[in-house]
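What follows is a short report on a single structure.
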Amino acid sequence: MTVGVVGTRRGRRSESRENAGRFFQQFWVYVVCVVLGAITIVPLLYVVLGGFRNTGQIAAHPVAWPHPWITHNYTSIATSGAFWRQIGNSAIIAAIATAVIVTLGSCAAYALSRYDFRGRELLYTVFTLGLLLPLTVAVLPLYIELRQFHILDSPLGVALPEAAFGLPVTVIILRPFMRAIPSDLEDAAAIDGCSKIAFFWRILVPLSRPALTTVSVLAVVTSWNAFLLPLIVLNNANEWTLPLGVASYQGEYAQDTAAILAYTALSMVPALLFFLAAERKIVGGLSGAIKG
Amino acid sequence: MTEGTPTTTIGRRRLRPIVVSTQRRKWLELSLFVLPALVFYLAFVLYPLVQAVHYSLFNWSGLGPITDFVGFGNYHDAFTDPDFTGAIKHNFILVGLSLVVQFPIVLSVALLLDRPFRGRRFARLVFFAPYVLSEAITAVIWLLILQPDGLVDRTFQSVGLGGAVQLWLADLNVVLFTMFVVITWKYIGFGIILFLAGLQGIPQELNEAAAIDGAGALQKIRFITLPLLGPTIRIWGFLAIIGSLQLFDLVWIITQGGPAERSNTMATYMFSNGFVRYEFGYGCAVAVILFAISFVCALVYQRFVMRRDTRGALTRMAA
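Those protein sequences? They're chains E and D, same order as listed. For the first sequence, my numbering begins at 1 and goes up steadily by one. For the second sequence, my numbering begins at 1 and goes up steadily by one.
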């Protein structure tokens, strides 16, 4: 008697029961997806659609389809200098912070992963300690310090601390990655007369590109969405970043609900576009970092 | 030219290649790689922490000279201020809610979705989207839809739950839980994706072997899935705890810690009582307390919960 695949040992009746069970599960999968999806999307949809109405309509009928489609809110914001200036500021700060994080972080991770020296683990611990040190705690003394360096109200005043606080995560992600690169590669390079510095620059960095991309994406997202640090550092409205702009717009135009909805909707666009483009990296990077 | 003395050919001077000893060279290279990051880190992360402790011992407005030494006076004032102790309580309520409420939801949804189905990639995109949006945007969105007779109220009414409608933001007893719902909306997708990734690391063969041995679904979950998902769960828990303790952006924009300080977190309290009121010394004391609490929680968590996952730097340090 041949032992078949599990399933043929049972009778025909339980096979159809199995199929019914599977259908049942699939059904629930779709139900859960739809419900969760709706809960996630409906608020976002509400914001986008609400921007196409005016405040009077919203007050009278809070939940309704735009009719007619009023584009005034969106166009006036999209043509306002403030909105684009805030996007520009956010972009500059994110770029500087990411550049600094990736450069300094990869150098530090290289040293911590491929050199053997006394105090190496201690140094690594010092960096990981930063994970427990929230920006929130340091924000008040940072304000004083940035004031002393005269970089308040400037992109550097936001980008540099963001970079410093992003170093722990970066080092933690990069170190195991760099460690995993076989030392034979290094030995072969040394035989060919390659110094350790050149090895870093010419071989290790290109090989680490996936991890570096992950780290960059994390840095960009964290910087783009930062609120407390820019709130404290940037007093000049011209220097504001997008999250600050959204929050203050809501405060300033509290009566004009439609305008706020339009502003918020437009503010979501950069983040969502970036997310669509880099989704694999963000999700994969986070899960990979957590596992590794 | 004298014979017998080892020389190279150019005159009597021995040409010695300039060799920095390899040890020296190693330290030079190390410094090049490590020092910039370390200096940066010390300057913007560790130094402010030290300064926070320093400022916290003074009564100082942030302007002018620091002269008014009050020792632990600020700390005493903080712990005797019911608004602050209330804020601490709120933070821990949020921690508890995250672990007790979010965890079962995240786990069950991840388990359910851990199978191939059409539209899976799209679902992943949708669930993860709130995580990418800034807390500021999330806060403004929910501030608007939680208004009386707004989207949330209307949705409740449309499914027949009109009686359950509350004053989500104005009711003193409800507002903190409203904040929790917003936090959950933002971060639950992240948890689901994370757990899904962890589930994918569990080899199929284990479940199949268990099925052959007659294990039911629940037994499979209890003896295979949960233990193997352990590291992911524990990391998620860590992030949830630390995130709940440090919460600022969402709460500040929606409620500013109100009404009547009933949705205050330690961070919003620090901001409103330290920065806004120009009481830097006091604010720094609050910050130090916040740090101490986070640190202790993290240490305890690493020591007792994560011990078997990572012989992490912190556990070694604490041991």
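Even glycine gets a Cβ: it sits at the ideal position worked out from N, Cα and C.
| field | Contacting residues, own chain, Cβ-Cβ under 7 Å from residue 262 of chain D (five flanking each side not counted) | value | 172, 175 and 176, listed in sequence order.
| request: State yes or no: is the C-beta of residue 320 of chain D within less than 8 Å of the C-beta of residue 110 of chain D? | output: With chain D covering 1 to 319 only, the question about residue 320 of chain D has no answer from this structure.
| field | As assigned by DSSP and simplified to three states, the class of residue 117 of chain E | value | The answer is coil: DSSP assigns residue 117 of chain E none of H, G, I, E or B.
| query | Does the Cβ-Cβ distance between residue 87 of chain D and residue 265 of chain D come in under 8 Å? | reply | By the CB criterion at 8 Å, residue 87 of chain D and residue 265 of chain D fall inside the cutoff.
| request: Would you give the residue range spanned by the alpha helix (DSSP H) that residue 94 of chain D belongs to? | output: DSSP places residue 94 of chain D in the uninterrupted alpha helix (DSSP H) bounded by 82–97.
| Would you say residue 225 of chain E and residue 206 of chain E are within 8 Å of each other, going by their C-beta atoms? | Not in contact: residue 225 of chain E and residue 206 of chain E (Cβ atoms no closer than 8 Å).
| said: For a contact defined as C-beta to C-beta under 8 Å, what are the partners of residue 164 of chain E on chain D? | reply: 40, 41, 43, 44 and 45, listed in chain order.
| Could you give the residue range of the alpha helix (DSSP H) that holds residue 127 of chain D? | Where residue 127 of chain D is concerned, the enclosing alpha helix (DSSP H) stretches over 120–132.
| said: Do residue 262 of chain E and residue 54 of chain E have their beta-carbon atoms positioned less than 8 Å apart in this structure? | reply: No; because the gap between Cβ atoms is not below 8 Å, this pair is not in contact.
| message | Once DSSP output is grouped into helix, strand and coil, what is the label at residue 69 of chain D? | response | In the structure shown, the three-state DSSP call for residue 69 of chain D is strand.
| request: Please name the residue, chosen from E:80, E:113, E:66 and E:258, that lies closest to residue 30 of chain D on a Cα-to-Cα basis. | output: Minimum Cα distance to residue 30 of chain D is reached at E:113.
| said: Would residue 96 of chain E and residue 156 of chain E be called neighbours here (beta carbons separated by less than 8 Å)? | reply: Going by beta carbons, residue 96 of chain E and residue 156 of chain E fall inside the 8 Å limit.
| task | Kindly indicate the opening and closing residues of the alpha helix (DSSP H) around residue 29 of chain D. | result | The continuous alpha helix (DSSP H) containing residue 29 of chain D extends over residues 22–41.
| field | Cβ distance (whole Å) where residue 43 of chain E is taken to contact residue 141 of chain D below 8 Å | value | So it is a contact: roughly 5 Å between Cβ atoms.
| Just how far apart, CA to CA, sit residue 180 of chain E and residue 274 of chain E? | Here the alpha carbon of residue 180 of chain E sits roughly 30 Å from the alpha carbon of residue 274 of chain E.
| query | In whole angstroms, what separates the C-alpha of residue 271 of chain E from that of residue 26 of chain D? | reply | Looking at the two C-alpha atoms, the distance is approximately 43 Å.
| task | Report back the beta-carbon spacing between residue 166 of chain E and residue 101 of chain E to the nearest angstrom; my notes put them in contact at under 8 Å. | result | Going by Cβ atoms, the distance from residue 166 of chain E to residue 101 of chain E rounds to 5 Å, so yes, they are a contact pair.
| Assigned secondary structure, residue 58 of chain D (DSSP; H/G/I helix, E/B strand, else coil) | Residue 58 of chain D: strand per DSSP, three-state reduction.
| residue 254 of chain E versus residue 240 of chain E: straight-line alpha-carbon distance, rounded | Using only the alpha carbons, I get a separation of about 19 Å.
| Does residue 279 of chain E get closer than 8 Å to chain D when you measure Cβ to Cβ? | The beta carbon of residue 279 of chain E sits closer than 8 Å to some beta carbon of chain D.
| task | Could you name the residues of chain E that residue 24 of chain D contacts, counting a contact when the two beta carbons are closer than 8 Å? | result | For residue 24 of chain D, none of the residues of chain E pass the 8 Å Cβ criterion, the least Cβ distance being about 13 Å.
| task | In angstroms with no decimal places, state the Cα-to-Cα distance between residue 258 of chain E and residue 58 of chain E. | result | CA-CA distance, residue 258 of chain E to residue 58 of chain E, rounds to 7 Å.
| query | When you compare only the Cα positions, how much space is there between residue 237 of chain D and residue 189 of chain E? | reply | The alpha-carbon separation between residue 237 of chain D and residue 189 of chain E amounts to approximately 43 Å.
| message | Let me make sure I understand the geometry here. Which of D:202, D:214 and D:220 has the alpha-carbon closest to that of residue 231 of chain D? | response | Distances from the alpha-carbon of residue 231 of chain D to those of D:202, D:214 and D:220 put D:202 closest.
| field | Whole-Å CB distance - residue 286 of chain D paired with residue 78 of chain D, under 8 Å assumed | value | Yes, they are in contact, since the Cβ atoms of residue 286 of chain D and residue 78 of chain D sit about 6 Å apart, within 8 Å.
| Can the beta-carbon of residue 229 of chain E be found less than 8 Å from the beta-carbon of residue 169 of chain E? | No, these two residues do not count as a Cβ contact at 8 Å.
| task | Could you name the residues of the segment 169–200 of chain E whose beta carbon sits closer than 7 Å to any beta carbon of chain D, in the order they occur along the chain? | result | Going along the segment 169–200 of chain E in chain order, one finds 196 and 197 with a Cβ nearer than 7 Å to chain D.
| Members of the segment 233–252 of chain E that neighbour chain D once the beta carbon cut-off is set at 7 Å | The segment 233–252 of chain E vs chain D, Cβ under 7 Å: 243, 246, 247 and 250.
| Do residue 242 of chain D and residue 158 of chain D have their C-beta atoms within less than 8 Å of each other? | With respect to the 8 Å criterion, residue 242 of chain D and residue 158 of chain D are not classified as neighbours on the basis of their beta carbons.
| request: Taking only beta carbons into account, state which residues of the segment 201–222 of chain D come closer than 9 Å to chain E, listed in chain order. | output: Listed in sequence order: 201, 208, 211 and 212.
| said: Between the segment 296–304 of chain D and the segment 119–137 of chain D, can you find at least three pairs of beta-carbon atoms closer than 8 Å? | reply: Touching, no, given that fewer than three Cβ pairs across the two stretches are closer than 8 Å.
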